[in-house]
Structure formats: C-alpha cells, structure tokens
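Undergrad: Supplied in structure tokens, the structure appears directly below.
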Amino acid sequence: MSELPLESTVRGSKAQLAKLPSIDRILNWPAVSPLLGRYGRSFVTREARALLSEWRERALPDHSLADLDETRIVRALSERMEACVEPALRPVFNLTGTVLHTNLGRALLAEEAIARIVAAARAPANLELDLANGERGERDSLIESLVCELTGGEAATVVNNNAAAVLLTVAALAAKREVVISRGELIEIGGAFRMPDVMRSAGARMREVGTTNRTHARDYIEAIGPRTGLLMKVHTSNYVVRGFTASVDVTELALIAHRAGLPFAVDLGSGCLADLSAYGLPREPLPQEALASGADVVTFSGDKLLGGPQAGLIVGKSAWIGKIRKHPLKRALRVSKLTLAALEATLSLYRHPEQLAERLPTLRLLTRPTEEIAALAKRVAPALARAAGEMFVVEHRPLQSQIGSGALPEEVLPSAGVAIRCGNEGKGSGRRLQALAGRLRALPIPVVGRIADGAVILDMRTLTDEAGFVAQLSLLRAP
Ligand SMILES: *Cc1c(COP(=O)(O)O)cnc(C)c1O
Numbered sequence: 000m001s002e003l004p005l006e007s008t009v010r011g012s013k014a015q016l017a018k019l020p021s022i023d024r025i026l027n028w029p030a031v032s033p034l035l036g037r038y039g040r041s042f043v044t045r046e047a048r049a050l051l052s053e054w055r056e057r058a059l060p061d062h063s064l065a066d067l068d069e070t071r072i073v074r075a076l077s078e079r080m081e082a083c084v085e086p087a088l089r090p091v092f093n094l095t096g097t098v099l100h101t102n103l104g105r106a107l108l109a110e111e112a113i114a115r116i117v118a119a120a121r122a123p124a125n126l127e128l129d130l131a132n133g134e135r136g137e138r139d140s141l142i143e144s145l146v147c148e149l150t151g152g153e154a155a156t157v158v159n160n161n162a163a164a165v166l167l168t169v170a171a172l173a174a175k176r177e178v179v180i181s182r183g184e185l186i187e188i189g190g191a192f193r194m195p196d197v198m199r200s201a202g203a204r205m206r207e208v209g210t211t212n213r214t215h216a217r218d219y220i221e222a223i224g225p226r227t228g229l230l231m232k233v234h235t236s237n238y239v240v241r242g243f244t245a246s247v248d249v250t251e252l253a254l255i256a257h258r259a260g261l262p263f264a265v266d267l268g269s270g271c272l273a274d275l276s277a278y279g280l281p282r283e284p285l286p287q288e289a290l291a292s293g294a295d296v297v298t299f300s301g302d303k304l305l306g307g308p309q310a311g312l313i314v315g316k317s318a319w320i321g322k323i324r325k326h327p328l329k330r331a332l333r334v335s336k337l338t339l340a341a342l343e344a345t346l347s348l349y350r351h352p353e354q355l356a357e358r359l360p361t362l363r364l365l366t367r368p369t370e371e372i373a374a375l376a377k378r379v380a381p382a383l384a385r386a387a388g389e390m391f392v393v394e395h396r397p398l399q400s401q402i403g404s405g406a407l408p409e410e411v412l413p414s415a416g417v418a419i420r421c422g423n424e425g426k427g428s429g430r431r432l433q434a435l436a437g438r439l440r441a442l443p444i445p446v447v448g449r450i451a452d453g454a455v456i457l458d459m460r461t462l463t464d465e466a467g468f469v470a471q472l473s474l475l476r477a478p
C-alpha cells in the first residue's frame, strides 16, 4: 500500500536500460500468463511495449534500475492492465453542493426511467412503428401527447439537448431572416453555447434591440421589417440584471409578433414543469405559462429541473412544430430510443404531483430537509477525520447548496456538510488542500467536492449512499 507506484521510482542509465528484459521474455514469464488469459495476448503485448518504452524515455543517468526485477515488472504491467480496462465514465459522489452539475451529468434519473431504459436497450421497440396499423411511425409521437398534456401545447418534438432545440427552431423558422432579440438576453451558457453564435450557425441574422438593462415594446416594434423571421425571448437563466431595468413580458411580445404575422419563440432553459414554490423552493417560469401567454414555440432542457435524460423539448403550435420537424437538421439532432424511454417515464411522474418529491431524484434532493443533511454531515465527519489524517481539521457545518445548470443562480438552499482544513494553515496549505481533493477523486468511487474559504468542502445534500461513502474512506491514500 505504502509503496510508491513503480513508474515513479524507475530511473536508469543507458547501460542499465539495455538490461531490461525483452518483450518476448516478459510474455513468457509464468506470472504474466494470467494477464494473457484475462486481457488477451495482443493487448498485453502492446501495453508491455508501451511500459518499457516509457521507462526508457524517462531514464536519467546515475539512477539505478537495480530494483527492476521480474516481480516488480509484472506488478507494474498488471496495474497498467487494470487501469486500461477501468471504464472511462464512472459513477462519482457529487458533493459539490450543486445539485444539477453539468460536468457531473446533471439530473439523476428516477427508478422508473432507469427501468424503462434497460427494457428499451434489451429488446426491439416500436420506436418508429405504429402498432395500431403496422405502418411507419414517428418517434416524436411516443411522447408528444404526454408533453402536450403537461404543457398545454398543441404539438411537440424532441432533440438531443436544448442547445439543439434552439438551433433547430431558429434554423427552421428564421434561416436567411432576422431574429429580433433583446440585448439583455444574449446569454452564454457554460462552454460553447452563445446566443449570437447559435443564430449564426442556424443561418439567421441576429437583430439586437434595446440595451443591456432596458428593452421596451417599441424597440421590438421598430426593429420588425420585411426581413424579420422570428421574435425571440430567452430566459436569462444563469444571470440577473438588477437595478434600473425593463423588459417586455411574454404576453406583450406574443401580441407584437402576431400583429406582424411573425412566430414568437421562448427559450426557457430549465424545463421546470412543476411549480417549485409548491415544494418550498424558489419559482422558475414554466413552459405551460409561456404557452398560455401566447408563445408559439417554447424550448427547454430534459435534464435540468425537469429531472429527465439529456434532451431538448420543443413545444408549441402545430404549424410551427410541423415546420421544425420537417427541417433536415431534425434528423441530425434526433434522440435515441433510450432517451425517449427515460423521457416518457420521467414525464409520466408529473401526472402525480403529490408523489413527485419522492419519486423524482432532482426534486427529492432539492427538497431534502436541512436537519436530515446536517445529521448526515455530523455522522460522516469522524470517518472523514480519521481518513484525512492528523494534518487536517475536520468539522461539520452549515452550507449553502445551489440548484445548478443555470437555474436560479442567485438562490441558495440551506444545507450542511463537512469542511476539511489544514491543521497548520501556513505556507503550502493551498497545495495540501489540492492534494487532498486529488486523493478524494482517486478513490474507487471518486468524491468530488469544492475548495472554498481555505477548506475542502463536501456538501452532504446530494449524498444518498452513506454506507458506500464511508466504506471506501479507509482507502484514502496517504499523501
Ligand atoms: C441550459 C440552457 C440552454 C442549453 O441547454 P442544454 O440542454 O444544456 O443544451 C439553452 N438556453 C438556456 C436559457 C439555458 O439555460
């Protein structure tokens, strides 16, 4: 356990390196035979060759390769093979305090959705087959009536994510034309989703109106002309404009668009289908409200507050949805049967709002009682203290979690967790905290927290497998 990995200790002079055994000899060692059986000869040969060449490259003069006996070479090879076959995508503990963490895969699926994915993966499914008449069907029709029932839309279609939903909507409704949008809503969503770029990629021209903080009805009206194809409103999901501000609401924008004979699209970002205030949470705008207020098309994500799989939903008036569905990009952005299976199961849960907080993991985590989280933090703190070692001070404390994925960026949820500080907070403590965070990520089920206020912070709101978390702490390697 305490031994350093072999790779980091191997150094040797040119002459010593020449003494490294040949690949053939290594492959003929009896101790390598189980590796050949488990991983296959060509795979092991390739990795053994790579291992030897790495040692050769890293070799420095005046260092001894004396330790490099058969046992150690076999061990290094075996560790390397194990690392090679470890899945690249692995479950982790998200203790960041951000419930919908984009880098950690956003919403956790409900058991109902997971079961439906497994069933759809295992057997053929009527993805594009109308079972009533035996004719070719449309994959959207599998969830369309459910989406319409929940949102009040006339028609719906699904694509790979909400960025795709916006891209497709603009491409289908406004290619080669202008899209009128407020300067206050030109959002960038983490990474590469920026509204101006999306418009350009969709082949539309962005016609910005108003100013960053104030946009009025007359700004939209004056911008509408013969080249206009679409009016658009984007929910500024991940920032707030505060102070001397003005914006035009959905109802009024719909009137302005319709008077000019134009469609009006609203990008809501987080697709919250249930009124969160009913669960004691801050409110997010709902697709059903935007549609009732006159929006022709509404777009939102499947894996943010909706709590389903990664997807982009496009809901609205039949005529516009029909046009969107016929666009060639739709084929390129379509979703798989696995996504549809999970989405249908997730949406079905919304038919029972009284059970939603229990059955939908996203809502369950967001509504988790603070006292329960605090008690959990208190219980796991001693095990963390033992595992972290004497160099660190571990304490449980109140924290603030976030919803994440751009939803309600200013709202925090009272939470609790564990803070791990350096006992000696002098020079180098930042580096020691980074190292500790690295050791937590190196556990069999990596633990992902955050570093803030001179501590590694582990927010317990999202810890559901307490036993699994504690059980692996004994493996926290010494620095
Ligand atoms: C998150 C978000 C998007 C992008 O959605 P993805 O599902 O991540 O592609 C687009 N618009 C808004 C307003 C968003 O909040």
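When the letters of the sequence shown are read in order and numbered with numbering that gives the first Met the number 0, they come out as residues 0 to 478.
Yeah, the Cβ is synthetic: ideal placement off N, Cα and C, and Gly gets one too.
1. Restricting to Cα atoms, I'd like to know which of ILE323, GLY301 and ALA386 is closest to ALA112.
2. How is PRO42 classed by DSSP in three states: helix, strand or coil?
3. Taking the alpha helix (DSSP H) that PRO381 belongs to, which residues open and close that run?
4. Span of the alpha helix (DSSP H) holding PHE468?
5. Which whole-angstrom value is the C-beta distance of LEU375 and PHE92, which I expect to be below 8 Å?
6. Let me know the beta strand (DSSP E) ranges lying completely inside the stretch 394-428, each 3 residues or longer, listed in chain order.
7. Tell me whether ASN161 counts as near ligand 1, meaning its Cβ is closer than 8 Å to at least one heavy atom of that ligand.
8. Once the 5 residues before and after LYS175 are set aside, which same chain residues still bring their CB inside 7 Å of it?
9. Compute the Euclidean distance between the alpha carbons of GLU110 and ARG226, then round it to the nearest angstrom.
10. How many Å lie between LEU76 and PRO443 at the Cα?
11. To the nearest angstrom, how far is it from the Cα of SER1 to the Cα of ALA436?
12. Quick one: measure Cβ to Cβ for ASP294 and VAL247, integer angstroms, because I've assumed they're closer than 8 Å.
13. Can you determine whether any heavy atom of ligand 1 sits closer than 8 Å to the C-beta of THR479, and answer yes or no?
14. Report the three-state DSSP secondary structure of ALA187 (helix, strand or coil).
15. Counting only runs that start and end within the stretch 157-245, where is the alpha helix (DSSP H) found for 4 or more residues in a row?
16. Taking the Cβ atom as the reference point for each residue, do ILE372 and LEU99 lie within a distance shorter than 9 Å?
17. Could you compute how far the alpha carbon of ALA341 sits from the alpha carbon of ARG438?
18. Among GLY279, ALA310, ALA273 and LEU328, which one has its Cα closest to the Cα of LEU355?
19. Spatial neighbours of ILE22 within its chain, please: C-beta separation below 8 Å, excluding the five flanking residues on both sides.
20. Less than 8 Å between the CB atoms is what I'm expecting for ALA171 and LYS322, so what's the real figure, rounded?
21. From this set, LEU412, LYS303 and SER428, which residue's C-alpha is nearest ILE419's C-alpha?
22. Tell me which residues share the same chain as LEU3 and place their Cβ nearer than 8 Å to its Cβ, disregarding the 5 neighbours each side in the sequence.
23. State the DSSP-derived secondary structure class of THR298, mapped to helix, strand or coil.
24. Return the residue from the list ARG105, ALA289 and LEU19 that minimises the CA-CA distance to GLU56.
25. Is it the case that the CB of GLU107 approaches a heavy atom of ligand 1 more closely than 8 Å?
26. Taking 8 Å as the line, does the beta carbon of LYS232 fall inside it for any heavy atom of ligand 1?
27. If you measure between the beta carbons of VAL117 and GLU184, is that distance less than 9 Å?
28. For ligand 1, any of its heavy atoms closer than 8 Å to the Cβ of THR168?
29. For ASN523, which of ARG333, GLN433 and ARG350 has the nearest alpha-carbon?
30. The alpha helix (DSSP H) spanning ALA112 covers which residue range?
31. Is ARG282 helix, strand or coil when you go by DSSP?
32. Is THR101 near ligand 1, in the sense that its beta carbon is under 8 Å from a heavy atom of that ligand?
33. From the DSSP secondary-structure annotation, give me the bridge partner or partners of GLY268.
34. Determine which residues share a DSSP beta bridge with ILE450 and list them.
35. Are three or more beta carbon pairs between the stretch 250-260 and the stretch 216-223 nearer than 8 Å?
36. Please work out which residues of its chain come closer than 8 Å, Cβ to Cβ, to LEU35, disregarding the five sequence neighbours upstream and downstream, and give them in chain order.
TA: Short version:
1. GLY301
2. For the sequence presented, residue 42 should be read as Phe rather than Pro. DSSP places PHE42 in helix when its eight states are reduced to three.
3. 369-387
4. 465-470
5. Contact flag wrong, Cβ pair sits at about 13 Å.
6. 412-421
7. yes
8. GLY202
9. 49 Å
10. 20 Å
11. For SER1, the pLDDT reaches just 40, beneath the cut-off of 50, and the residue's location in the model is therefore unreliable, although a value from the coordinates is still provided. Roughly 19 Å separates the two Cα atoms.
12. Rather than Asp, the amino acid found at residue 294 in this sequence is Ala. Not really, about 13 Å apart at Cβ, beyond 8 Å.
13. Not covered by the structure: residue 479. The range shown for the chain is 0 to 478.
14. Correcting the residue type first, residue 187 is Glu in the shown sequence and not Ala. Strand at GLU187.
15. 161-173, 194-200 and 216-222
16. no
17. 34 Å
18. ALA273
19. THR44, ALA47, ARG48 and LEU51
20. 5 Å
21. SER428
22. In this prediction, LEU3 scores a pLDDT of 44, lower than 50, which makes its location untrustworthy; no coordinate-derived value is stated.
23. strand
24. LEU19
25. The sequence shown places Leu at residue 107, rather than the Glu named in the question. The answer is no for LEU107.
26. no
27. no
28. no
29. Residue 523 cannot be examined here, being either before or after the span of the chain that is shown, 0 to 478.
30. 110-121
31. coil
32. yes
33. PHE299
34. VAL455
35. yes
36. LEU26 and VAL43
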